[in-house]
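Shown next, in structure tokens, is the structure this report addresses.
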Amino acid sequence: MDELWGPLAALAGEWEGDGGLDTAYSHAEQKVLDTPFRERMTMKPFGPVQNGSQTLYGLDYRTAMWRGSEENPFHTEVGYWLWDADAGEIVRGFVVPRGITVLAGGTAAADARSFTLAAELGDRSYAIGENRYLGQKASTVRYTVTVSAGINDSSQCRPIRFTGLSRANTASGSSQATSRARSPGRPQAERRRARSRQANHSSGAAR
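Take the sequence shown: its letters are residues 5 to 211, numbered as in the numbering used here.
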């Protein structure tokens with residue numbers, strides 16, 4: 005059954021890790037800050053989904069991230085990872101409760117252990133959507149994510165529970181969202197990066 009999910013099979017399950025680093029502009033402190041964080045993510049398999057002659061298998065995912073000992077997460081996402089075996093296409097669609105949506109995509113072989121997805125503001129296929137405030141103050145213009153899954157790499161994200169789809173026991177990922185952040189005294193573009201040694205992490209707009 006694993007082959008139905010292609011490269012996504014290795015990600016199915018529950019994951020947690022504490023190696024995240026969020027680099028973002030802080031309006032409160034008027035500078036770019038590096039903030040370590042921990043993350044917990046669930047990836048639940050589903051499928052098939054039919055779009056005419058297209059068949060998709062996917063993962064329903066939710067993730068949350070915390071800084072230090074804070075009780076409430078500073079960042080959450082809900083969305084789906086989708087695999088189209090005929091096209092060799094992977095799509096990741098998610099929503100961030102700041103008023104941002106992302107549909108990132110790319111291609112990979114069915115047995116790939118690493119792949120990269122991207123989205124750009126205004127792209128007709130893999131696009132970024134945002135509310136009017138963020139479009140004016142801190143527009144995200146590009147998003148990329150690279151995910152790798154391996155065997156017996158204890159330096160990466162640790163699994164909590166597998167669904168039975170995957171035999172891999174580690175995963176890592178890094179993502180980057182480039183934002184045009186505008187603030188008093190700082191009209192130049194700011195870049196926001198989020199790098200995580202985990203199954204995946206996404207950053208939104210500058211905070």
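We treat Cβ as the ideally placed atom computed from N, Cα and C, and that holds for glycine. Remember, predicted model here, so these are calculated numbers, not experimental data.
Within 10 angstroms of the Cβ of residue i, are there 16 or more other Cβ atoms? Answer buried if so, exposed if not.
{"i": "residue 49", "result": "buried"}
{"i": "residue 63", "result": "buried"}
{"i": "residue 7", "result": "exposed"}
{"i": "residue 15", "result": "buried"}
{"i": "residue 52", "result": "exposed"}
{"i": "residue 74", "result": "exposed"}
{"i": "residue 134", "result": "buried"}
{"i": "residue 4", "result": "No information on residue 4 is available, as it lies outside the stretch 5 to 211 that the chain covers here."}
{"i": "residue 13", "result": "buried"}
Here's a check: name, in chain order, each residue in its chain whose Cβ is nearer than 6 Å to the Cβ of residue i, leaving out the five neighbours to either side.
{"i": "residue 125", "result": "132 and 145"}
{"i": "residue 120", "result": "110 and 150"}
At a Cβ threshold of 7 Å, is residue i touching chain C?
{"i": "residue 118", "result": "Chain labels in this structure do not include chain C; a single protein chain is all it has."}
Would you please state the rounded distance, in angstroms, between the beta carbons of residue i and residue j? I believe it to be under 8 Å.
{"i": "residue 83", "j": "residue 65", "result": "6 Å"}
{"i": "residue 97", "j": "residue 138", "result": "Going by Cβ atoms, the distance from residue 97 to residue 138 rounds to 18 Å, so no, they are not a contact pair."}
{"i": "residue 44", "j": "residue 67", "result": "7 Å"}
{"i": "residue 152", "j": "residue 118", "result": "4 Å"}
Using 7 Å as the threshold, is the C-beta distance between residue i and residue j below it?
{"i": "residue 26", "j": "residue 42", "result": "no"}
{"i": "residue 9", "j": "residue 70", "result": "no"}
{"i": "residue 112", "j": "residue 11", "result": "yes"}
{"i": "residue 130", "j": "residue 108", "result": "yes"}
{"i": "residue 18", "j": "residue 59", "result": "no"}
Starting from the C-beta of residue i, find all residues in its chain whose C-beta is less than 8 Å away, skip the five residues before and the five after it, and write them out in chain order.
{"i": "residue 101", "result": "80"}
Counting only the same chain and skipping the five closest in sequence on each side, list residues whose C-beta sits under 7 Å from that of residue i.
{"i": "residue 38", "result": "25 and 27"}
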